[in-house]
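See below for the structure under consideration.
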Amino acid sequence: MILVAGGTGFVGSAAVRELLRLGERVAVLGRSAEGVRERYGDVVEAREGDVREPETLAPAMASADVVINAVQFPGSPIENRRKGWTFEEIDLKGTRHQIDAGQAAGVRRFVYVSGVGAAKDAEKHWFRYKWEAEEYVRRSGLEWVIVRPTWVFGPDDVSLNRFLGLARRLPFVPMFGAGEQPVQPVFIDDVGRVLADCALRPEAANTTFELGGPEVMSMNDVVSTALDVRGKHRRLLHQPVAVGKVLGAVASVLPSPPLSRDAVDFITEPAVADNTKLLEVLRPQLTPLREGLARYLR
Ligand SMILES: NC(=O)c1ccc[n+]([C@@H]2O[C@H](COP(=O)([O-])OP(=O)(O)OC[C@H]3O[C@@H](n4cnc5c(N)ncnc54)[C@H](OP(=O)(O)O)[C@@H]3O)[C@@H](O)[C@H]2O)c1
10 MILVAGGTGF
20 VGSAAVRELL
30 RLGERVAVLG
40 RSAEGVRERY
50 GDVVEAREGD
60 VREPETLAPA
70 MASADVVINA
80 VQFPGSPIEN
90 RRKGWTFEEI
100 DLKGTRHQID
110 AGQAAGVRRF
120 VYVSGVGAAK
130 DAEKHWFRYK
140 WEAEEYVRRS
150 GLEWVIVRPT
160 WVFGPDDVSL
170 NRFLGLARRL
180 PFVPMFGAGE
190 QPVQPVFIDD
200 VGRVLADCAL
210 RPEAANTTFE
220 LGGPEVMSMN
230 DVVSTALDVR
240 GKHRRLLHQP
250 VAVGKVLGAV
260 ASVLPSPPLS
270 RDAVDFITEP
280 AVADNTKLLE
290 VLRPQLTPLR
300 EGLARYLR
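Written out as structure tokens, the structure reads:
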């Protein structure tokens, strides 16, 4: 049985869909078993656990052969320290707790959804925590697979859909920065298939895969393509990053901030993957942006 932690989320649910399509037995771990049942009914086994509470995880992992960790805190990348929704608590400590519980529960393989940019000496703390979590996974003694997606798009993403939502309400689309940073958007269905491969295929074991789409383009081109496929003709209105940071600093005093200074960096940085290992070992079909968008926007 394959347990998908975070299987109710954007990335995790793509893995669940693909595993079910392949006829696998799937369990989903979320903070509420009821929430999992509401989403999936009886098609998956609902398991309840919180990655910040280690004692909840070993029972939740009982009889899992493989665990996929696709957990992220609500509202990411906007951290909320009061609620413990931070990269340190969820990415780093949450992954450690899952590995420890997986060892106790007899899990054979652990698949960790990291992110492109994870590095020991990364400038941004979210990439350093991802790296530390990866290292814990690599040294766990379990079979491991690490997947580092770039910027994922799909019907339920919270990034590209935000621009499309703005285009519905405004005669222009505001964007922080010049929008010239290179990105390599990867379609959610492709991410689901790669995660299923990472859970199932023997040759994926003990490998770190970066995962991007088939095209590298500027963020401006990504948003313009989405608007075009949607049939909305809107001008992009670029706002200086500094303005975003001021707004983020002001917003951070709110109980549930809609923006933060760090989030502005997060959404304006380049996101390009090296697909070499992925294409060599797993050889997935990768969907071009326009083709992926057309599947759900037209
Ligand atoms: N989205 C992207 O473009 C992208 C790109 C690169 C990498 N990633 C990585 O992919 C992973 C998943 O991201 P996502 O975008 O799919 O996030 P998401 O849609 O916000 O889903 C997060 C999942 O985590 C679960 N969760 C939250 N807090 C939890 C806790 N304390 N204990 C247990 N489960 C908890 C949520 O389930 P409940 O609410 O049911 O508890 C939900 O299923 C993350 O590691 C992220 O960094 C995402």
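Residue numbers (our numbering): 10 to 307.
Where is the CB? At the ideal position from N, CA and C, for every residue including glycine.
In this text the structure is predicted, and so the values were computed from the model without any measurement.
According to DSSP, simplified to helix, strand and coil, what is residue i?
i: S226; result: It should be pointed out that residue 226 corresponds to Met in this sequence rather than to Ser. Strand.
i: T277; result: helix
i: H106; result: helix
i: N170; result: helix
i: Q248; result: strand
i: P266; result: coil
i: A36; result: strand
i: W153; result: strand
i: V232; result: helix
i: T159; result: coil
i: E57; result: strand
i: E27; result: helix
In whole angstroms, what separates the C-alpha of residue i from that of residue j?
i: R147; j: R243; result: 46 Å
i: R61; j: T104; result: 9 Å
i: V80; j: E98; result: 11 Å
i: S85; j: E54; result: 26 Å
i: L12; j: I77; result: 6 Å
i: P5; j: F181; result: Since the first and last residues shown for the chain are 10 and 307, residue 5 lies out of range.
i: R202; j: Q248; result: 36 Å
i: R26; j: E47; result: 15 Å
i: T95; j: P264; result: 15 Å
i: A69; j: Y138; result: 24 Å
i: G126; j: R239; result: 30 Å
i: F275; j: T17; result: 23 Å
Less than 7 Å separating the Cβ of residue i from some heavy atom of ligand 1?
i: F77; result: Rather than Phe, the amino acid found at residue 77 in this sequence is Ile. I77 Cβ: outside cutoff for every heavy atom of ligand 1.
i: A14; result: yes
i: W153; result: no
i: I99; result: yes
i: V35; result: no
i: D206; result: no
i: D109; result: no
i: Q146; result: First, the residue type needs correcting, since residue 146 is Val and not Gln in the sequence shown. No, ligand 1 has no heavy atom inside 7 Å of this Cβ.
i: W140; result: no
So, is residue i buried or exposed, given that buried needs 16 or more other C-beta atoms within 10 angstroms?
i: V156; result: buried
i: L288; result: exposed
i: V259; result: exposed
i: S149; result: buried
i: A205; result: buried
i: L101; result: buried
Is the distance from the Cβ of residue i to the Cβ of residue j below 8 Å?
i: V308; j: A208; result: Here the chain has residues from 10 to 307 only, and residue 308 is not among them.
i: A73; j: A36; result: yes
i: R56; j: L28; result: no
i: R34; j: V75; result: no
i: D109; j: P63; result: yes
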